[in-house]
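Trainee: Residue numbers (the numbering used here), protein chains in the order written: chain A, 32 to 415; chain B, 32 to 415; chain C, 32 to 415; chain D, 32 to 415.
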């Protein structure tokens, strides 16, 4: 009798953080994979991650639309509520033996709530890390709703236990996103034309030469600053005049403001060297990152995967506040001139090597093995 | 400019656990009370707690219906989702400076989520305690979503800080339910006829003589055992043949099973000495408890308020597992004969005095003072 | 390739109105039955119609909980909204070739909306009839959302066409509930003990002697009168002092008021001859009706099935205003003395014969044949 | 005591169809205006109609986010369900004496359902018209849920009565959108720079010379054809090479496909003469239309307001099938060459005069007068 493991993928980045585990679960003799795709992973305007998931050979068992339009604080809250309603119906039907929820987004919390109330064991990936934004609250709340914790780092392991979780329920597996980074390091060839494959808007340029990547999301707890924060980064990139791939932001509150600013800039101050892209497959993205000169913004990918890849990163503002980082990261604030300065510093560095801070590239297999053998229970008691 | 404090009351017991604070907030010169009543507190079949709230002089600003019928695990999950949707709309309109969420129920979690996503500071009452059931997960998840923690006991204080909360955001206030217990101890006169005022079903008896109180709720994580667990307690009470007030259960998963069992018993094995009641005002209930010989079941009131009142309690099963308890409590399992034995033991005890485990009776005022002066913020970082 | 016909059953009476068609669809060589059970048909307190459906040999493909608790106008509205959300997810997955929606309740409307927006042809059973209450609005709104109309009477047929529907999409099939009545007429033996099989509360009596049946639901458009209306009927029945089966009301707004009144009456004015029952299988209910002396209240069953059975009925108030009725019905208003008078009149009648107003007992087969062959489309144009 | 009239505006075009009535209600001595803005009227990507509403001097009493992202059939269904849930909460609080719902969109149906179940009289604007798409079903379903009908044309009046509505509840008022057209005809000066005021994307051109307007929405019942239908029109416009304002589509199922096609075209086949705009105030839009050479697509504005303005219109496909039209309209199918031919024909016409088919420009005042004096009831009976 195989254990049925239901994985709920709710967003573009969530897929990267579970992909290698999906393969490992699928091919494990004692596990059966159930796959739910929901949230922004289904939406065209966020790059339809579901298409990449299908291309990778997975067949979603259910698609759940629950994003309430608006990209405001209020719509995030309502999207969470609707996700709980819809996911609980679905999980009740699927009857998995355990549900995996990933990281720290509102859909993550919805998954944990739905499964908890249905008495299904909750397995959390990426607990115990520290950042800014609402993510910080959500991540630890999910830890408290979860029964098994698969963490990425030693520090995360210690924190989860310090919060009162039973040490026997906490495992260091590393982050599955690093597994993709390892694949990419081993086979770094950029075997696709990013302009042709991913379209996007803006001029094209020669990817054999130097280029930058920008990925900057809103910070929900300071969403009203999103426009100004975006302008500062835009101004820095424009001034540097280096070819740049700029990724549209995720659907958090403040996102509409960022997108508007980007569109306005594009239309009226267009700088011939920026190409705007919605999304790429996790692997293609890391190949693009590996060949880039520097990654700028506030995405965790700059801190996690790029520390493994050894790519310089300029991390702007509070979103990643407190997250463990390697030698590849320089932190800066939302000011065009300091951003420029930080990027210039990074472009000249020669001391950045691959670090194994978030794993060694074997997370997927470790996760599948744990899932196949760990004790699954739904009762727990604070050990404090 | 007064601080607007929004209190969300979702259930019968929540009201007792905040009532004295409501008075203190309402009369505080620097605070303005906003009151939302929702969940089972609105429903006739759970005793319409909203009527008692109005009788006490409070005027709810909003009533929110979000309970999905069924009293199953699935309907609890959906009720949580619908509560998030509805509460977020309401909070967005009310624009409070902070939101108070009480204890550890699914509606509590919904309140915390709605407020968190709207960037409204969340104040949690009764964090840091330990119990069984899904409540244990929910309570600590709410702690991680909350910005200010108003706890009842020293141990709870220590636990909340151990979980990584900033000590400057944690306050020991005692439980406001104890404030009512103090009022009742000072004025113990049973100045109402419980049969006349609260109707209910079943024969009446003389409340000047000995009587018992039973209050037994489902345990969500073992909801399928609810019927059998109820039968054991019913059998014990029948066998003891002492007049008994029996309170209908709360709306958690398993509740329909308990109610059905009670109705069946009543119809076909009716024991002339059990009177079934839905609900009482917090004060009347404690007066009834104070005059009783013993309180039986798995309600926290037996452990919290009754330790202050010095009333013997027989606590059955896992629901209160791990909760700090005083000298008044004897624990037992779901077995009729051990329940009988435990009750008999309690009826003979003479060593039970009032204990101040959950507060000294001044929680309401302390809470109002803290609310008026504490720093309100929405950003926090795990201190671990 | 069989046509997949999805039937959504939302309430106790809906089942009786489709049961024979379910059998006919299931056994038809060109049809495949998909069955969704939702709403009050799932709820213990409304008699768990789903249990009867299973006993009859059907296996529901999905169960949808969407009833928001409260039994108020507001909770009916919300239940409708939640039903649309949940049903649309389910229908999207099931991908039926057509969806059957029954009669005129809010869940009926939700089914029609969900299917319409998903471009699935909607087939409506029981359109074109006229009554009071909100049902009157809902029924005709469902007609306008529906693509195929399977009506019970010639008048209903004419009305649906007069409303602008294409005559080629309207069929007179009679009501499937009459098919059960025909079975019962042919085999009238009361082969069960109603007290033993259906429990209920209140004294038992000899069903071989005379007894009455009362079935009185709230009228949503005058829901605030429910208590008083109930009292008048209670008073009439008490005064007549004839053994009576009294059925609890459906979950419309006003229902909680009726139930409260019934419970209060039972507890404090208990009349030894009333037995309160929640629900019976459609067949058992009609057997009970066939052996009864008179059916009282405002249920459509008194007008539809009982005209076929030839059972005297006293119809009280506006709920059935405008519905075609046979010789078996006397109408009266909400006044105890006129109700008593009407019942007495009915008890003395000898002129009531079986009438085929709502069908001849072959509706199920006719429906299946139409479903197998009719043109299924989703585009329509008002023919006016 | 003023009558409280609640108007629910859910979309960009709904505002134009009620604007003059809002002014008339607001200034009527016996009426009080309550204004709810919801749906796409709140969303940036659909042009934030709420901003225009505020600029016109109205203060919304509530904003309701209920659009589930995806622009699919399923998301339309879910958006309807969520709208019912949210609107019913809001209407319960506002307690209007009547609710106005406009035209034939899913949000329109949600408004009618919420109000009906709350026993609030429903007033429908624009009933009795005939078109294609799901709108045709929805419009007539709303008629059956409504208590008062304010129609635009004599034919619509007759149709509503033929459907069984009481003639005393049906009034011909003309369409309030014509009131704006009348203002514009009287003061046709284009007193704004459309490029400067409404930004948009694409090249600018001289609006004193000839230009076209395109407004083409998805047809929900043939949504899978949206891309191809869009391509045909794009191809026709490109080939004609006349400067063109192209408006982005509404949020119906198929909309994402249209937008994607437009963006792709813009990026890769960009024609220097197309300027893409999201939205304009109703008045500015009609001024733009009045100065245009022809309006192309499938919007009702081309048929309603433009017949009053005397502007040639090319109506493509089935969306407006059956709608009464004037001399200004030529119908064509989704084929580039016939579209080109039709536009050329229209550009040469000299026989188009203002027609009063949808009203004479005084609808707002007539509506306010009716609202102030008509009998408001919630009980109705089919008159057939």
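Every residue, glycine too, gets a C-beta built ideally from N, C-alpha and C.
Here the structure is a predicted model, which means the values were calculated and not measured.
Taking any Cβ of chain D, which residues in the stretch 96-115 of chain C have a Cβ under 8 angstroms from it, in chain order?
Mentor: Listed by position, the residues of the stretch 96-115 of chain C near chain D (Cβ gap below 8 angstroms) are 104, 105, 107, 108, 109, 111, 112, 113, 114 and 115.
Trainee: Report yes or no: is there a C-beta of chain A within less than 9 angstroms of the C-beta of residue 230 of chain D?
Mentor: As a position in the fourth chain, residue 230 of chain D is number 199, starting the count at 1. Yes, contact with chain A.
Trainee: Could you check if residue 364 of chain C is buried or exposed, using at least 16 other CB atoms within 10 Å of its CB as the buried criterion?
Mentor: Position 333 of the third chain, counted from the first residue, corresponds to residue 364 of chain C. When all chains shown are included, residue 364 of chain C counts as exposed.
Trainee: Got a sec: is the Cβ-Cβ distance from residue 124 of chain A to anything in chain F below 9 angstroms?
Mentor: The structure shown has no chain F; the protein chains it does contain are A, B, C and D.
Trainee: Going by Cα to Cα distance, which pick from D:55, D:343 and D:182 is closest to residue 135 of chain D?
Mentor: Taking the first residue of the fourth chain as position 1, residue 135 of chain D is located at position 104. Residue D:182 is the option with its Cα nearest to residue 135 of chain D.
Trainee: Under a CB-based cut-off of 9 angstroms, is residue 157 of chain A close to chain B?
Mentor: In the first chain, residue 157 of chain A corresponds to position 126, counting from 1. Cβ-Cβ to chain B under 9 angstroms: no for residue 157 of chain A.
Trainee: Against chain A, with Cβ distances strictly below 9 angstroms, would residue 259 of chain D count as a contact?
Mentor: Start at 1 with the first residue of the fourth chain, and residue 259 of chain D comes out as number 228. By this cut-off, residue 259 of chain D is not an interface position.
Trainee: Does the beta carbon of residue 147 of chain B come closer than 9 angstroms to any beta carbon on chain A?
Mentor: Residue numbering aside, residue 147 of chain B sits at position 116 when the second chain is read from its first letter. So, interface residue.
Trainee: Specify, as a first and last residue, the run of the alpha helix (DSSP H) that residue 171 of chain D falls within.
Mentor: The residue labelled residue 171 of chain D in the question sits at position 140 within the fourth chain. Segment 164-176, the alpha helix (DSSP H) holding residue 171 of chain D.
Trainee: Name the residue from C:188, C:249, C:320 and C:137 whose alpha carbon lies nearest to the alpha carbon of residue 219 of chain C.
Mentor: One-based indexing of the third chain puts residue 219 of chain C at position 188. That would be C:320, whose Cα lies nearest to the Cα of residue 219 of chain C.
Trainee: Scan the stretch 124-149 of chain D and note each continuous beta strand (DSSP E) run of 3 residues or more that stays entirely inside, going in chain order.
Mentor: For the stretch 124-149 of chain D, whole beta strand (DSSP E) runs of length 3 or above, ordered along the chain, are 129-133.
Trainee: Would you list the residues sitting across from residue 37 of chain D in a DSSP beta bridge?
Mentor: Locating residue 37 of chain D in the fourth chain gives position 6, counting from the first residue. Per DSSP, D:65 and D:130.
Trainee: Mind listing which residues of the stretch 48-75 of chain D have their C-beta closer than 9 angstroms to chain B's C-betas, in chain order?
Mentor: From the stretch 48-75 of chain D, no residue has a Cβ closer than 9 angstroms to chain B.
Trainee: Give me the chain C residues within the contact set of residue 117 of chain A, using Cβ-Cβ distance strictly less than 9 angstroms, ordered along the chain.
Mentor: Here residue 117 of chain A refers to the residue found at position 86 when the first chain is read from its first residue. Under the 9 angstroms cutoff, chain C gives 116, 117 and 120.
Trainee: At a CB distance below 7 angstroms, what residues from the stretch 295-313 of chain C approach chain B? Give them in sequence order.
Mentor: Listed in sequence order: 298.
Trainee: Using a beta-carbon distance cut-off of less than 8 angstroms, what residues from the stretch 186-218 of chain D approach chain C?
Mentor: Cβ contacts with chain C come from 189, 190, 193, 194 and 195.
Trainee: Give the straight-line distance between the Cα atoms of residue 243 of chain D and residue 326 of chain D, rounded to the nearest whole angstrom.
Mentor: Your numbering for residue 243 of chain D matches position 212 in the fourth chain. Your numbering for residue 326 of chain D matches position 295 in the fourth chain. Approximately 6 angstroms, taken between the alpha carbons.
Trainee: Along chain D, which residues have their Cβ under 7 angstroms away from the Cβ of residue 287 of chain A?
Mentor: Position 256 of the first chain, counted from the first residue, corresponds to residue 287 of chain A. Result: 75.
Trainee: Going along chain A in order, which residues have a C-beta closer than 9 angstroms to the C-beta of residue 351 of chain B?
Mentor: Position 320 of the second chain, counted from the first residue, corresponds to residue 351 of chain B. Those within 9 angstroms of residue 351 of chain B in chain A number zero; the least Cβ separation is about 12 angstroms.
Trainee: For residue 181 of chain B, return the contacting residues in chain A, with the cut-off set at a CB-CB distance below 8 angstroms.
Mentor: Indexing the second chain from 1 puts residue 181 of chain B at position 150. In chain order: nothing, as chain A lies at least about 18 angstroms away.
Trainee: Three or more C-beta pairs closer than 8 angstroms, one from the stretch 298-308 of chain C and one from the stretch 217-234 of chain C: is that the case here?
Mentor: The answer is yes - the stretch 217-234 of chain C touches the stretch 298-308 of chain C, with three or more Cβ pairs under 8 angstroms.
Trainee: Residue 291 of chain A versus chain D: which residues are under 8 angstroms apart at the beta carbon?
Mentor: As a first step, residue 291 of chain A is located in the first chain; it is residue number 260 there, counting from the start. By Cβ distance, chain D contributes 75.
Trainee: Any idea what DSSP makes of residue 376 of chain C, helix, strand or coil?
Mentor: Translated into positions along the third chain, residue 376 of chain C becomes position 345. Residue state, collapsed to three classes: helix.
Trainee: In terms of alpha-carbon separation, which member of B:83, B:241, B:258 and B:114 lies closest to residue 143 of chain B?
Mentor: In the second chain, counting from the first residue as 1, residue 143 of chain B sits at position 112. The option with the nearest alpha carbon to residue 143 of chain B is B:114.
Trainee: Going by DSSP in three states, residue 332 of chain C sits in which element: helix, strand or coil?
Mentor: Within the third chain, the letter at position 301 stands for residue 332 of chain C. Here residue 332 of chain C sits in helix by DSSP.
Trainee: Below 9 angstroms on C-beta distance, what does residue 409 of chain D contact in chain C?
Mentor: Position 378 of the fourth chain, counted from the first residue, corresponds to residue 409 of chain D. Ordered by position in chain C, the residues that pass the 9 angstroms Cβ test against residue 409 of chain D are 165, 168 and 252.
Trainee: Quickly, what does DSSP pair residue 344 of chain D with across the bridge? List them, please.
Mentor: For the purposes of this step, residue 344 of chain D is identified with residue 313 of the fourth chain, where counting begins at 1. Residue 344 of chain D is bridged to D:326 and D:360.
Trainee: From the beta carbon of residue 93 of chain C, is the nearest beta carbon of chain A less than 9 angstroms away?
Mentor: Taking the first residue of the third chain as position 1, residue 93 of chain C is located at position 62. Yes, residue 93 of chain C lies at the interface with chain A (some Cβ there is under 9 angstroms from its Cβ).
Trainee: Anyone know if the C-beta pair for residue 204 of chain C and residue 398 of chain C falls short of 9 angstroms?
Mentor: Locating residue 204 of chain C in the third chain gives position 173, where the first residue counts as 1. Locating residue 398 of chain C in the third chain gives position 367, where the first residue counts as 1. Going by C-beta atoms, residue 204 of chain C is nearer than 9 angstroms to residue 398 of chain C.
Trainee: What is the DSSP secondary structure of residue 388 of chain A, reduced to helix, strand or coil?
Mentor: In the first chain, the residue the question calls residue 388 of chain A occupies position 357. Correct three-state label for residue 388 of chain A: coil.
Trainee: In whole angstroms, what separates the C-alpha of residue 146 of chain D from that of residue 352 of chain C?
Mentor: The count along the fourth chain starts at 1 and reaches residue 146 of chain D at position 115. The count along the third chain starts at 1 and reaches residue 352 of chain C at position 321. The alpha-carbon atoms of residue 146 of chain D and residue 352 of chain C are separated by roughly 22 angstroms.
Trainee: Along the chain, where does the alpha helix (DSSP H) containing residue 188 of chain D start, and where does it finish?
Mentor: Within the fourth chain, the letter at position 157 stands for residue 188 of chain D. Start and end: 185-193.
Trainee: Where do the ends of the beta strand (DSSP E) carrying residue 181 of chain B lie?
Mentor: Looking up residue 181 of chain B in the second chain gives position 150. Where residue 181 of chain B is concerned, the enclosing beta strand (DSSP E) stretches over 179-182.
Trainee: Just to check my reading of the structure: residue 110 of chain D and residue 148 of chain D have Cβ atoms closer than 8 angstroms, yes? What is that Cβ distance to the nearest angstrom?
Mentor: As a working mapping, residue 110 of chain D is identified with position 79 in the fourth chain. As a working mapping, residue 148 of chain D is identified with position 117 in the fourth chain. No, residue 110 of chain D and residue 148 of chain D are not in contact; Cβ-Cβ is about 18 angstroms, not under 8 angstroms.
Trainee: I want to verify the contact list: residues of chain D whose CB lies under 7 angstroms from the CB of residue 2 of chain C, in sequence order.
Mentor: Here chain C has residues from 32 to 415 only, and residue 2 of chain C is not among them.
Trainee: Could you pull the start and end residues of the alpha helix (DSSP H) that residue 289 of chain D belongs to?
Mentor: Your numbering for residue 289 of chain D matches position 258 in the fourth chain. Per DSSP, residue 289 of chain D belongs to the alpha helix (DSSP H) from 286-299.
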